[in-house]
Amino acid sequence: MLNKKITELLNSQINKEFYSSFLYLDMSNYYYDSSLNGFGNWFAIQTQEEYAHAMLFLQYLQNNGEKVILEAIDKPDKVYANFKDPLVAAFEHELFVSKSINEIYAAAYDLKDFKTMQFLDWFVKEQGEEEKNVDELIKRFELFGTDVRGLYMLDNELASRTFTAPSLVL
C-alpha cells in the first residue's frame, strides 16, 4: 500500500502522460498535414513513448494494490503559426512533465517512500533525455529548417526514428 498522497500524485501523472501522448499525436498530425512526414513520425514516436509512460505508472499503482483513477483527457488546443512552434511547445511541455515528476519524487522523499523513489529514478533520467532531445531538435531546426533543402534533409532523417518500448522492471 502506498501513501494516499503518493497514490493521488501518481494517478494525476497517469493523466498527464496520456495528455502528453494526445498532445504529441496532435503535433504529429500537424506535420503530416504539412507533408513533413519525418517530423510527423518523430512526434508519432513521442506519442507512443508517452502512452508507454502512462502505462508504467498505471502498472506501478496496480502492482502496489492501489486503485487507478482515469480522468478525462483535455483536447490539445495549440495553434501553430510555423513549423518551429510545435517544437518549442513540446520543449515547454517536457519541462512541465519534469516538474511534475520531480514533485512526486519530493513527496516520496519526504515520506521516505524509497520504493516509489526508486521507481521514479528511471523517469527522472528519461525526462532529462526528453528535454535534451527536443532542445537539440529545436537547435537543428534553427540551423537547417529555414533552408528548404536543409528542412528536407532533416525531415528525411526524422523519418527513420523508431519506437522502442521501455523495459522497466516494476
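Mapped onto the working numbering, the consecutive letters of the sequence shown carry residue numbers 102 to 271.
Built from N, CA and C at the ideal position, the CB exists for glycine as well.
According to DSSP, simplified to helix, strand and coil, what is residue i?
i, result
"E232", "helix"
"S122", "helix"
"E167", "coil"
"F197", "helix"
"E172", "coil"
"R241", "helix"
"V180", "coil"
"F264", "coil"
"K226", "helix"
Under 8 Å by Cβ, that's how I've got residue i and residue j pegged, so tell me the actual separation to the nearest angstrom.
i, j, result
"G141", "S129", "5 Å"
"F158", "Q114", "5 Å"
"E167", "L103", "6 Å"
Classify residue i: buried if its beta carbon has 16 or more other beta carbons within 10 angstroms, exposed otherwise.
i, result
"A182", "exposed"
"L259", "buried"
"S136", "exposed"
"S122", "buried"
"L244", "exposed"
Could you spell out where the alpha helix (DSSP H) holding residue i opens and where it closes?
i, result
"N257", "249–259"
Against chain C, with Cβ distances strictly below 7 Å, would residue i count as a contact?
i, result
"F242", "Looking at the structure shown, chain C is missing, and only one protein chain is on hand."
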